Structures are given as structure tokens and as C-alpha cells.
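Trainee: Keeping their order, the protein sequence lines are chains E and L.
For the first sequence, the numbering used here begins at 7 and goes up steadily by one.
For the second sequence, the numbering used here begins at 7 and goes up steadily by one.
Note that CB positions come from ideal geometry on N, CA and C, so glycine has one too.
This one's a predicted model, so the numbers in the text were calculated from it and none came from an experiment.
Protein chains: 2
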Amino acid sequence: MKLSELLGFRFKETPSDCQIASHILMTRGGYIKNVGSGIFSLYPPGRRVAQKIERIIREEMDAIGGQEILLPVAMPASLWKESGRYDSVGSELMRFKDRSGADMVLGMTHEEAVVHLCRDAAQSYQNYPFMVYQIQTKLRDEPRARGGLIRVREFTMKDAYSFHTSQADLECFYAKCHRAYENIFRRCGLPGVVSVQSDSGMMGGKVAHEFMLVTEVGEDYLAICGCGFSANMEVAASIVENAAAEDMDLIKVPTPGVKTIEDLCAFFSGTPEQFCKAVLYQKNLTDEIVAVFLRGDLEVNEVKLRNLLGEEIHPAVNADDVLPCGYIGPLGLPAGVTVIYDRSLIGAHNLVTGACEEGYHYKGFTPARDVPGIEYHDAAKILEGGICPQCGKPGIKLVRGIEVGNIFQLGTKYTKSMGMAYLDQNGQSQVPIMGCYGIGVGRLMASVCEARHDDYGPIWPMSIAPWQVHLCAIRVENEEVAAAANGLYEALQNAGAEVLFDDRKVSPGFMFSDADLLGVPVRVILSPKTLARGAAELRTRDKAIQKDIALDGAVNEITALVRELMGEFTS
Amino acid sequence: MKLSELLGFRFKETPSDCQIASHILMTRGGYIKNVGSGIFSLYPPGRRVAQKIERIIREEMDAIGGQEILLPVAMPASLWKESGRYDSVGSELMRFKDRSGADMVLGMTHEEAVVHLCRDAAQSYQNYPFMVYQIQTKLRDEPRARGGLIRVREFTMKDAYSFHTSQADLECFYAKCHRAYENIFRRCGLPGVVSVQSDSGMMGGKVAHEFMLVTEVGEDYLAICGCGFSANMEVAASIVENAAAEDMDLIKVPTPGVKTIEDLCAFFSGTPEQFCKAVLYQKNLTDEIVAVFLRGDLEVNEVKLRNLLGEEIHPAVNADDVLPCGYIGPLGLPAGVTVIYDRSLIGAHNLVTGACEEGYHYKGFTPARDVPGIEYHDAAKILEGGICPQCGKPGIKLVRGIEVGNIFQLGTKYTKSMGMAYLDQNGQSQVPIMGCYGIGVGRLMASVCEARHDDYGPIWPMSIAPWQVHLCAIRVENEEVAAAANGLYEALQNAGAEVLFDDRKVSPGFMFSDADLLGVPVRVILSPKTLARGAAELRTRDKAIQKDIALDGAVNEITALVRELMGEFTS
């Protein structure tokens with residue numbers, strides 16, 4: 007491809023609406039164009055990178071027995087009513103009515119559609135296990151679209167679905183898919199992606215993992231430990247220790263105007279760990295109040311809370327009308343409040359907590375003594391420096407990450423609700439067990455850019471670079487340069503290399519800054535000066551190589567370098 | 007791929023909702039599954055055929071300099087308001103509101119999105135010409151979804167858009183794209199596809215062609231002539247001759263109760279050509295009545311009429327309230343009626359026509375004499391056996407066809423309305439000229455099936471067959487058969503062949519009827535009998551070849567046949 011013919015343009019200024027490197031560089035480099043909130047078009051370089059990622063994903067899915075299918079973007083709402091998600095999923099699900107007035111939805115994920123496709127086709131145990139996948143457009147009405155391709159409303163996604171006759175078989179395939187995902191991220195140039203335990207959210211099921219690229223611009227927090235433990239902060243078990251102490255008496259203390267943990271610490275000359283604080287939520291459906299009690303130095307983990315309650319919640323609104331906010335404690339709460347005690351209260355003694363009476367707190371509160379039949383739940387966020395749930399040592403680090411893929415053991419949530427069944431070897435009807443496995447192509451592309459760039463542009467790995475070789479002809483109006491460049495361009499193409507040929511009459515500086523933005527791994531420069539030396543200059547985008555190569559044999563040397571750089575990304 | 011592992015199932019019965027061969031066979035063969043009206047999922051064999059079609063399309067688009075991009079499925083309505091199509095396109099355009107209440111549309115075609123992508127990127131004449139394309143999901147709320155993948159509401163489409171600085175350059179590229187389309191249809195196994203002049207409909211522009219597969223199940227009518235002329239009946243010029251005659255006087259005749267052409271023929275002892283009939287329409291926006299006068303043996307072509315008027319029309323409703331229906335003629339019409347005279351009235355003499363008075367007709371009506379300043383327009387449907395607009399001989403044949411592709415010279419409809427401009431060599435701002443070029447992947451797949459099938463299943467051309475070789479192991483429980491079949495399966499795959507291996511313990515009849523439905527071009531059969539002869543049986547799906555081949559050298563012979571059968575479909 008000649009750069010003079012390539013659609014798109016590159017520029018130096020940072021666009022005002024771009025905050026993170028991938029968004030900035032892929033906009034400045036002519037990869038993407040914003041069409042509306044969270045909606046993008048791809049220029050040819052963006053499409054080429056995406057297509058190479060798709061090819062790697064296909065190869066790895068095929069290698070574990072995946073069969074490619076295609077499911078619809080627009081579906082009758084009736085399918086989603088079968089699974090119950092038409093009601094349980096909120097406004098992220100885009101909905102419309104067709105010309106006949108029928109309710110339709112736009113697929114944000116395709117469990118319903120895949121069960122619809124497979125339920126007739128897999129009615130005997132002999133049809134199992136199997137895995138199908140598609141690479142297709144998804145729509146999700148994301149309220150906080152941001153970061154270019156990182157968080158969008160329309161995206162290309164590989165979604166795979168496996169079906170099994172036993173949990174053991176699902177687990178075996180799940181492990182296989184986990185390895186395939188590791189291959190995919192490594193081959194796309196992200197060997198450092200870690201998999202963490204995660205919440206299964208609206209997908210259902212119990213076991214789930216996210217694949218995370220650790221990066222400061224990530225929106226998720228991961229809890230990791232030197233022992234190898236890693237989990238999304240949303241699900242990482244929070245473990246704290248409480249020092250032993252002799253119980254003191256429970257005494258009500260007047261504390262007028264003292265409401266926050268800070269005020270209480272000052273008033274009681276204590277530290278946050280010595281308090282039992284209340285955080286109030288409301289159930290979305292009933293507005294019923296939920297009080298979570300936990301140690302004063304911790305925060306509530308809303309994902310855990312939601313899973314504990316099995317329903318959606320939100321921070322309480324106007325709770326002051328019914329409760330003495332700032333003075334709430336476990337003792338004396340009115341009926342109708344759901345109470346959750348966090349595990350941080352296990353073994354705690356002599357805490358300060360609200361007395362459920364305006365202007366009063368208790369001191370000397372010892373949960374195990376003062377709350378008969380108390381039960382503890384894991385409802386707090388894990389702390390930086392906290393105790394690792396795996397090795398038990400206080401080595402937890404919190405880092406930020408971008409989720410580049412996820413895998414779920416779904417169980418029978420969809421197969422059961424949608425009436426998918428098969429006859430087992432004994433002729434008995436059984437419900438198949440499902441797994442599902444997603445990767446967003448655009449987000450992966452942006453993540454690679456986040457992980458591999460410098461100030462001047464992306465540094466694409468050979469496996470997904472839009473082209474393999476970027477040929478710069480400096481002073482192409484010089485006949486000798488033009489002849490040599492055209493000859494090398496053709497010879498490299500004949501040798502099977504993907505070449506972007508900058509044939510424009512522009513300055514070297516202009517040419518190189520465009521080349522940096524296009525991020526092609528191997529750069530070959532021809533100019534009157536290099537030709538005078540009988541040479542071309544060979545550089546890599548990552549600056550590891552910068553040398554002259556003889557014009558004779560240049561094709562072999564360049565294609566050998568391309569092969570070498572591809573080497574680390576092969577299956 | 008082993009057939010025992012393939013997702014999907016095949017069956018003998020014709021599904022009750024299927025009328026045409028491709029719908030029947032692709033449903034029975036496990037290629038497609040209906041999800042809702044005009045919405046389908048693809049099982050793996052369907053996805054494989056579609057993918058091979060997509061590859062051929064990509065190769066041919068790349069060969070004429072196409073650059074692949076990706077545009078969004080969901081777009082802000084504001085884009086479509088810029089072009090004016092948000093209002094001008096009717097209920098085929100699927101619309102919805104996002105969570106913020108903003109109007110959104112689902113792309114049925116992408117002129118707006120592509121102009122949005124390109125208008126910043128092509129501001130100099132040096133950027134022209136260029137062509138971009140995508141292969142992507144389209145949604146169109148088709149009121150009459152039918153025929154399986156032939157007429158659907160969601161479909162995968164290749165849509166290409168070219169941009170030019172002159173009409174001559176557009177025409178040059180248009181011809182190039184026309185040849186690329188011929189290549190695509192030939193390579194997909196449809197060498198007989200004809201291109202016909204067509205109406206540009208809601209796309210705008212003047213010159214357009216449709217690529218038509220001539221088939222009895224087609225929904226379009228084509229007018230073709232032995233001289234090479236071909237056009238969609240919607241646009242084919244209607245030419246009729248009127249015999250010379252001496253004009254008679256215009257006389258009003260009482261014709262009580264005589265209203266239809268049949269009744270009039272009987273009453274006046276004439277033939278339909280001797281009448282000037284009226285057909286009434288109404289303008290959609292104003293309800294204003296349009297009267298079309300044409301020779302009694304012809305019918306109005308509504309597409310031509312719409313184009314003549316430049317607005318949408320519908321057959322008149324309740325015109326009886328204001329006009330003496332059955333007695334309408336050009337003379338004495340009330341004011342406010344738009345009148346169109348068809349060219350079939352040129353040179354006509356002594357016709358019978360309505361007197362615009364209940365119970366009366368005129369005879370002796372000679373349009374050129376009786377209607378001062380009469381102007382004629384082409385508003386009639388071309389007739390079977392009619393005069394060819396190209397060679398002038400009465401050789402027109404009407405045949406039915408499926409539109410498998412279309413190309414349009416759009417002109418500046420979108421670039422102008424959406425403010426796309428470039429500076430020419432003189433620094434003057436100019437509006438680029440566009441072409442657009444579409445192919446529906448699913449419809450093409452179904453069309454190949456329509457053109458190439460027998461009673462037992464599709465007969466896929468090697469170029470787009472889901473697999474190249476279908477290996478049947480008959481009595482696979484026989485160890486010798488199993489060993490030979492597994493060996494051949496592996497050897498063929500190692501030799502690069504795409505093999506579907508039927509490894510199931512089922513009867514030969516069952517196996518062959520499945521194989522017929524899967525339509526793989528080369529079939530290889532191993533059984534105890536063939537092994538006893540030291541042979542495999544080699545058959546082609548089209549029955550051209552059926553012979554024994556020696557097991558030694560079978561791989562070479564089979565792969566040579568695959569290459570040979572692929573030969574006719576290479577670029």
C-alpha cells in the first residue's frame with residue numbers, strides 16, 4: 007500500500023476529548039474516528055490491526071475445537087424474556103420496536119441466541135461437549151463510554167459458548183480455554199496479562215475469571231500477592247485480624263454532633279479500627295434499608311453485597327427520615343432493616359458504635375457478646391497491604407487493570423430457563439451445563455497500544471501491526487531514490503511482506519512522525535545519502551535495531567527480520 | 007472436522023414455512039436457523055460458506071484498490087438528518103432512543119457514515135480517487151421478509167464507496183467495479199449473472215446497475231433482448247408503435263355501466279390498444295390526484311411514475327368521491343389533477359376514452375389533435391414481446407431474477423448535503439462525486455444454492471463449499487475401515503484439503519443423504535467392499551465423476567481433483 011493512497015490523516019496535537027494514550031495515539035494516527043458517544047468507525051490501519059487480532063483469536067478458538075457460527079445483532083425480545091434477562095438487565099440493553107410493534111433487543115451478549123441455535127441440535131449426550139463462537143458486533147448502552155475503544159457502546163466481540171454434560175467436563179474445557187486465552191494475549195503482544203478471579207455479574211454462574219492488563223489507566227482494581235494470588239477487588243476476600251483484649255462493659259455515651267469516623271476518632275481519641283461503622287443501602291425493588299456493619303477502617307464492597315443479597319442495591323437515599331444517621335449501630339435498630347455483619351467484626355472487642363439514638367454512641371461494644379447469634383459475611387473491600395486470602399501474609403497489593411477478556415462457568419442458568427435438554431446414556435432428560443468466553447477486539451487493540459507505545463505512537467507487535475514493513479523514500483523526486491524504492495517495494499511484496507510505502511514528497515521529519523504513529527515494527531529508509539553508501543537504513547520501531555544494510559540482499563535481510571520478529575508471537 | 011462433532015442436524019421433511027429451494031435445503035441441511043421474522047442464525051456450514059464468499063469479495067475489492075474499513079451498526083440520527091434520509095426513508099429504517107433519549111438509527115446502508123469518516127480525511131484533490139469498503143451487519147425493517155436468506159431484515163453486506171473528482175473518473179472506476187462484480191459472481195459459481203440497468207431508488211443518483219441471477223423464484227422482472235439489452239423492468243423504456251390512420255371526429259357516446267377495458271372492448275367491438283385508459287394515483291404528501299393516461303393494453307410502471315413526479319405516490323383511494331371513475335379521460339378533467347401522458351399515446355388515432363362524465367365515453371380521440379401542447383413521458387411497463395429500446399426489434403423477453411448485487415453512481419447527493427469538499431489544483435473548493443457498490447453475502451449464498459442444487463441438496467462450487475472433501479467411512483466399526491478412513495482423513499488434511507469426515511455408525515443411505523445436503527463437491531467413500539478392491543470410491547456431488555481410485559496415491563488424486571475443480575473459480 008502506498009501511503010499517498012491510504013485513507014486517513016495523522017496529526018500532532020492531542021485532541022481535547024482524549025485522556026489516555028491509546029485514545030490519543032489511535033486518534034492522532036488515523037486509526038479511529040468517533041461517530042457518537044462510545045461509537046467509532048475504523049480507518050484502514052485500525053481495521054487491519056483488528057483483523058489480525060481476529061485471525062489470532064480464530065486460530066486459537068479453532069485449535070480447541072471451536073466451530074464458528076453467526077448469531078443475529080437484533081433479536082426478538084421474546085428470547086430474552088425466556089431467560090428472564092429482558093427484565094433483569096437494565097438500561098444497558100438497547101431496546102426498540104420493529105414496524106409491527108414487536109419488542110426487539112440489540113445483543114450485548116448472546117447466551118439466549120446461542121441456546122436458541124443449539125437446543126434443537128444437541129438433544130443427545132453424543133452431541134456433547136461442543137463449543138461454538140462468533141466474531142460479531144455487540145451493542146451495550148454503556149452510561150460512561152470513555153477512553154476511546156476501552157469503554158464503548160458498540161464493539162466487535164469474540165464470544166464463545168461451550169456445552170457440557172458434567173461440571174467436570176466444563177472445568178476441563180474451561181482450563182483449556184484459559185490456556186487459549188493466554189495464547190491469544192501473548193500472540194497479540196500482551197504476555198503480562200494476568201487472570202484473576204472475578205464476579206460473574208449479570209451473566210450468572212459461580213466461577214469466573216477476568217484477564218487483566220495491569221496498567222495505571224485501567225478502571226478495575228486487582229488484588230495481587232507475591233504468592234501468586236490474584237483477584238478482582240470486587241471478589242477478593244477481605245481478611246483482617248483483631249487484637250485480643252478483655253471485654254469492657256457496654257456504656258452509652260452522649261456524642262452530640264459527632265457523626266463521622268474522623269470526628270469519632272478525635273472525640274474518643276481512637277483509630278478507625280476501633281469503631282464499628284454502619285453503611286446504609288436500599289434494595290432497588292422494595293426500597294428496604296440494608297445496614298452493613300464493618301470495622302471503621304474498611305469500605306463496603308458493593309459487588310459482594312449485591313451477591314450476598316441476591317439483588318440489586320443502591321446507596322440509601324433520605325435514610326435520615328427513618329434512622330438517626332451518624333448514630334446507627336447494631337443495637338436498637340428498628341424492625342424491617344436487613345443487617346449484614348462483615349467478617350472484620352470477628353474477634354473484635356470494645357468497639358465504639360452508634361446507639362441508634364440521635365446524639366449517642368456506645369463504647370465497649372463486643373459483637374460476639376452483644377449481638378446474640380451474630381453471623382458474619384464477607385462484605386468489605388480488600389485493603390492495600392491486607393492479608394492475602396491464599397498465603398495468609400499481609401502482602402496484598404492493589405493495582406489497576408483493563409479487562410481484556412473474561413471466562414465464565416455459567417452452569418445451567420440459560421439452558422434450564424430456555425428448556426435446552428438432552429437424553430443421557432440412560433435415556434434420562436438432562437440439562438446441559440454452559441461456559442462462556444469473551445474477548446472485545448477493539449478493547450484488546452487499544453490495550454496493546456496502552457502497553458506498547460512511546461510518546462510518538464504505538465509500537466505494534468509484528469503479529470498485529472497494520473503492516474510489517476514501512477518503507478520511507480526520502481527525496482522521492484530524486485530518480486535514483488524513486489527507482490530503488492519502487493524496486494524494493496515490489497521485491498518485498500513479491501517476497502510476501504506487507505509493505506506500507508511512503509512515496510510522498512514530504513520532509514523526513516514529517517515522514518518519520520507519521521511512521522511513528524503508524525507503529526510498523528520494521529522501517530526501511532532510502533535516501534540519496536543511503537544510496538551513496540549502497541545501502542538502506544534498517545530500523546525497528548522499538549529502536550532495538552538501527553543499522554545499514556546492503557541494497558544487495560536487502561529483501562532477504564528485511565524478510566528474515568520480519569520472520570524473526572514474528573517468531574515470538576506464533577502459536 | 008468430524009461430522010459426529012459438527013453442530014447442527016439434517017432432515018428429510020420440507021419445513022412448512024419454506025417455499026423456495028435454497029430456504030428448504032439450507033434449513034434441512036443445517037445451515038441456517040430462523041430466529042424471528044427475517045432474522046437468521048448461521049450454523050457452522052452456513053458460516054463457512056459465507057466466510058468463503060467474504061474472502062472472494064475481499065480479494066476482488068482489494069484488487070481494484072479497495073481499503074477495508076469498519077463503520078458502526080448503530081449511528082446517531084443526526085448523521086441521517088444531515089443527509090435528509092432520516093425523514094425521506096420510511097419505516098424500513100430501524101430507529102430507537104438510547105438511554106439519554108437521543109435518536110439513533112441502525113444502518114441499512116452507510117453513505118452517511120462513510121462521508122462522516124472520509125470528509126476530514128480527503129480535503130485535497132491529491133487524496134482522490136479512493137474506494138473504501140466494509141463487510142458488516144445491516145438492518146432493514148423489511149415488511150415482506152421471505153425466502154430464507156433471500157429477503158431478510160438483518161444481513162451481512164459488503165458495501166463499498168468510491169470518491170472522485172470528476173464524473174469521468176467515477177465512470178472509469180464504475181466500470182472497473184462492474185468487472186470486479188462479474189469476477190465475484192463467477193468465482194462464487196454464478197457465471198450467468200447478468201447486469202441490468204436499474205432504478206437508483208432511495209439511494210439517489212442517475213446511473214445504476216443490478217446484478218441479477220435469472221431464476222423463476224426471483225422477485226424482480228428483467229427485460230432482456232437477444233441483442234444484449236437488459237434492464238430491470240422498473241426502468242426499461244416502454245416503446246410501442248401505433249398504426250397510422252385518418253383522424254375521425256371526436257364523438258361523445260353514451261356508455262351506461264360500461265367501465266372496464268373488457269366491457270369497453272365488447273361494447274365498441276375493439277381491442278385494448280384502441281383505448282386510452284386512465285389510472286389514478288395520489289401523492290403521499292398532499293393526497294393530490296395524479297391521472298396517468300396510457301394505451302389500454304399497457305400497465306403503469308410505478309417506479310417510473312415516482313421518478314417522473316419526484317415524490318412518493320400510491321394508488322388512489324376513494325377517487326370516486328371526486329371523479330367519475332370508469333369514465334375518466336383527458337378532456338374535461340377538473341383542475342388540481344396532475345396529468346401524465348404515456349409515450350404509448352404518441353401517434354395514436356381514434357381512441358376511445360372517458361368523457362369525464364358518468365355514463366359517457368368519447369370515440370375518435372386523437373391525443374395530438376385533441377390535447378393542445380400534449381407532452382409524453384415514459385410511464386408504462388415494458389411488455390413481453392415488446393420493442394427493444396436498444397435494437398428496436400420486438401424481441402423483449404421478461405424473466406424473473408434475484409438481485410445479487412448493485413452498483414450506483416450516486417453523484418453528489420451525500421457529499422453535498424453533508425458538506426464534504428476538497429480543494430482542487432486551483433485551490434477552489436469542490437464537492438466530490440460518489441459511487442456505491444453493494445453485495446449481500448447471505449443472499450448470494452442462497453442464490454448460489456438456488457442456481458446449483460438438485461432434489462437432494464445444494465451442489466456447492468469448490469470455491470465456496472463448506473468443505474472440499476466429504477469422506478464417508480461406511481461400517482466404521484470395521485477396524486480395517488476405521489484405520490483406512492482415519493489414515494486418509496489425516497493425510498488429506500496434511501495435504502491441505504478441507505475434509506469433513508463422516509465417522510458415524512450410520513447406514514450408507516443416511517450418510518449419503520446427509521452428504522447430499524452438505525453439498526461438498528468431492529466425496530470419497532471407504533467401505534469393506536472398496537477396501538476389498540484396494541480402492542476408495544471417488545464421486546463428485548454433481549455426479550460428473552464416479553469411479554474407483556487406488557488407495558495408494560488416493561491423496562494425490564483427490565487433492566488434484568480439488569485443485570482442478572477450484573480452477574474455474576480462481577481470479
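Tell me the start and end of each unbroken alpha helix (DSSP H) in the segment 402-477 of chain L that is at least 4 residues and wholly inside, in chain order.
Mentor: Qualifying alpha helix (DSSP H) stretches, in chain order: 419-423 and 447-457.
Trainee: Using a Cβ cut-off of 9 angstroms (strictly closer), state whether E/Arg150 contacts chain L.
Mentor: Chain L, which has no Cβ nearer than 9 angstroms to the Cβ of E/Arg150, makes this no.
Trainee: What first and last residue would you give for the alpha helix (DSSP H) that runs through E/Asp376?
Mentor: Looking at the DSSP string, the run of the alpha helix (DSSP H) that includes E/Asp376 is Pro373 to Asp376.
Trainee: Only counting the same chain, and skipping five residues up and downstream in sequence, which positions put a Cβ closer than 8 angstroms to that of L/Pro400?
Mentor: For L/Pro400, where only same-chain residues beyond five positions count, the Cβ hits under 8 angstroms are Gly391, Gly392, Ile393 and Cys394.
Trainee: Residues in the same chain with beta-carbon distance under 7 angstroms from L/Glu88, minus the five sequence neighbours each way, listed in chain order, please.
Mentor: The residues are Glu118, Ser423 and Met424.
Trainee: Going by the beta-carbon positions, is the gap between L/Gln173 and L/Leu429 smaller than 9 angstroms?
Mentor: No, the pair does not count as a contact, with Cβ atoms beyond the cut-off.
Trainee: Counting only runs that start and end within the segment 7-88 of chain E, where is the beta strand (DSSP E) found for 3 or more residues in a row?
Mentor: Entirely contained in the segment 7-88 of chain E, the beta strand (DSSP E) runs reaching 3 residues are, in chain order, 38-42, 45-48, 72-74 and 80-82.
Trainee: Measuring only between beta-carbons, confirm whether E/Pro336 sits less than 9 angstroms from chain L.
Mentor: It does not: the Cβ of E/Pro336 has no partner Cβ on chain L nearer than 9 angstroms.
Trainee: For the beta strand (DSSP E) that contains L/Gln142, what are its first and last residues?
Mentor: Looking at the DSSP string, the run of the beta strand (DSSP E) that includes L/Gln142 is Phe136 to Leu145.
Trainee: What do you reckon, is the C-beta of E/Pro373 under 8 angstroms from a heavy atom of the ligand GDP?
Mentor: The ligand GDP is absent from the structure shown, which contains no ligand whatsoever.
Trainee: Name the two residues that bound the continuous beta strand (DSSP E) containing E/Pro321.
Mentor: Its beta strand (DSSP E) spans residues Ile319 to Pro321.
Trainee: Considering only the alpha carbon of each residue, which of E/Arg159, E/Gly302 and E/Val482 lies closest to E/Val512?
Mentor: Answer by Cα proximity: E/Val482.
Trainee: When the distance is taken between beta carbons, is E/Val447 closer than 9 angstroms to E/Ile75?
Mentor: It is not a contact, given that the beta carbons lie outside the stated cut-off.
Trainee: Is there contact here, the segment 501-515 of chain E with the segment 451-465 of chain E, by at least three beta-carbon pairs under 8 angstroms?
Mentor: Result no; under three Cβ-Cβ pairs closer than 8 angstroms.
Trainee: Under three-state DSSP, which class holds E/Glu188?
Mentor: Looking at E/Glu188 - three-state DSSP - the assignment turns out to be helix.
Trainee: Rounded C-beta distance between L/Ala297 and L/Leu339? I'm assuming under 8 angstroms.
Mentor: Their Cβ separation, rounded to whole angstroms, is 7 angstroms, which keeps L/Ala297 and L/Leu339 in contact under 8 angstroms.
Trainee: Evaluate the contact criterion for the segment 402-410 of chain L versus the segment 214-231 of chain L: three or more CB pairs, one atom per stretch, below 8 angstroms.
Mentor: With the cut-off at 8 angstroms, the segment 402-410 of chain L and the segment 214-231 of chain L touch.
Trainee: Can you pull the chain L neighbours of E/Ala471, defined as C-beta to C-beta under 8 angstroms?
Mentor: Neighbours of E/Ala471 on chain L: none; closest Cβ ~16 angstroms, over 8 angstroms.
Trainee: Would you kindly work out how many angstroms separate the C-alpha atoms of E/Gly154 and L/His122, rounded to a whole number?
Mentor: Distance between the alpha carbons of E/Gly154 and L/His122: 17 angstroms.
Trainee: Count the C-beta pairs between the segment 483-498 of chain L and the segment 527-542 of chain L that are closer than 8 angstroms, then say yes if the count reaches three, no if not.
Mentor: The segment 483-498 of chain L vs the segment 527-542 of chain L: in contact.
Trainee: Show which residues of chain E have a CB atom less than 7 angstroms away from the CB atom of L/Gly42.
Mentor: Those are Met81 and Pro82, listed as they occur along chain E.
Trainee: How would you label L/Ser106, buried or exposed, when you count the other beta carbons within 10 angstroms and need 16 or more for buried?
Mentor: When all chains shown are included, L/Ser106 counts as exposed.
Trainee: So E/Ala497 packs on E/Val561, CB below 8 angstroms; how close in whole Å?
Mentor: Indeed, because the Cβ distance is near 5 angstroms, the residues count as touching under 8 angstroms.
Trainee: Give me the chain E residues within the contact set of L/Phe179, using Cβ-Cβ distance strictly less than 9 angstroms, ordered along the chain.
Mentor: The premise fails here: L/Phe179 is roughly 13 angstroms from chain E at the closest Cβ pair, so nothing lies under 9 angstroms.
Trainee: Would you list, in sequence order, the uninterrupted alpha helix (DSSP H) runs of no fewer than 4 residues that lie entirely inside the segment 93-137 of chain E?
Mentor: The segment 93-137 of chain E contains these whole alpha helix (DSSP H) runs: 117-124.
Trainee: How about L/Gln25 and L/Arg152: do their beta carbons lie closer than 9 angstroms?
Mentor: The answer is yes: Cβ separation under 9 angstroms.
Trainee: In chain E, which residues lie less than 9 angstroms from L/Ala479 when you measure between Cβ atoms?
Mentor: Result: empty, since nearest Cβ-Cβ is about 17 angstroms, beyond 9 angstroms.
Trainee: Could you tell me which residues DSSP pairs with E/Arg545 in its beta bridges?
Mentor: In DSSP, E/Arg545 forms a bridge with E/Arg529 and E/Gln552.
Trainee: Helix, strand or coil: how does DSSP classify L/Phe516 here?
Mentor: L/Phe516 falls in the helix class under three-state DSSP.
Trainee: So for E/Ile295, helix, strand or coil by DSSP?
Mentor: Strand at E/Ile295.
Trainee: Could you work out which residues of chain E lie near L/Gly14, taking near to mean beta carbons separated by less than 7 angstroms?
Mentor: Those are Ala127, listed as they occur along chain E.
Trainee: Check the Cβ of E/Arg105 against every Cβ in chain L and list those closer than 7 angstroms, keeping chain order.
Mentor: Within 7 angstroms Cβ-Cβ: Ser97, Asp147 and Pro149.
Trainee: Tell me the rounded alpha-carbon separation between E/Tyr495 and L/Leu291.
Mentor: Spanning the two alpha carbons is a distance of roughly 59 angstroms.
Trainee: What residues are listed by DSSP as bridge partners for E/Phe179?
Mentor: According to DSSP, which records beta bridges pairwise, E/Phe179 is partnered with nothing at all.
Trainee: Identify every run of the beta strand (DSSP E) within the segment 202-281 of chain E, keeping only runs that are complete inside it and at least 3 residues long; order them along the chain.
Mentor: You should have 214-220, 226-230, 236-238 and 257-260.
Trainee: Less than 7 angstroms between C-beta atoms, sequence neighbours within five positions excluded: which residues of the same chain meet that for L/Tyr227?
Mentor: Contacts found: Met239, Leu404 and Arg406.
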